[in-house]
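Structure first, commentary second.
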Amino acid sequence: MNLEINLNEREAKEFLELCNDFDLTQEEAIENLIDLAIRKWTLPSGEYLPNGETIKAIEEAEEMLKSGNYKTYSSWAELEADILKRDNDDE
């Protein structure tokens with residue numbers, strides 16, 4: 001059986017990146033999805049693997065923390081208080 005799937009440019013790019021991250025061809029990834037869906041009779045949610053953009057953002061945040069040049073907060077309330085303080089200081 002032949003199956004044709006239409007993806008927009010973004011979907012195609014991200015799907016190829018996902019397949020590459022798992023060291024699979026696109027065909028192998030689709031075959032695995034179909035096999036799993038049939039065996040479990042459900043659509044798999046699978047393990048989350050962040051895309052390249054998310055990985056870069058995580059790495060950037062880690063570098064910011066390591067540098068010590070950025071203020072960190074231990075709670076949302078502490079962050080909110082600092083923002084409100086800065087707003088009052090600007091007035």
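Counting from 1, one number per residue, gives the positions in the sequence shown under my numbering. Ideal Cβ positions, reconstructed from N, Cα and C, are used throughout, including at glycine. Nothing here was measured: the structure is a model prediction, and the numbers come from that model.
For residue i, which of the options has the nearest alpha-carbon?
i: L43; options: N51, F22, E31, L49; result: E31
i: I55; options: R10, L18, I5, E11; result: L18
i: M1; options: I34, I83, K13, E78; result: I34
Would you say residue i and residue j are within 7 Å of each other, going by their C-beta atoms?
i: M64; j: Y73; result: no
i: L3; j: D21; result: no
Any heavy atom of the ligand SAH closer than 6 Å to the Cβ of residue i?
i: W41; result: With respect to the ligand SAH, the structure shown offers nothing to examine, as it has no ligands at all.
Locate the alpha helix (DSSP H) running through residue i, then write down its first and last residues.
i: D89; result: 76-90
i: N32; result: 26-40
i: T55; result: Residue identity differs from the one stated: residue 55 is Ile in this sequence, not Thr. Start and end: 52-67.
i: N20; result: 9-21
Suppose the cutoff is 7 Å on Cβ atoms and the five residues either side in sequence are ignored; what does the same chain contact list for residue i look like?
i: L16; result: Q26
Quick one: what's got a C-beta closer than 8 Å to residue i's C-beta in the same chain, skipping five residues either side?
i: G52; result: E17
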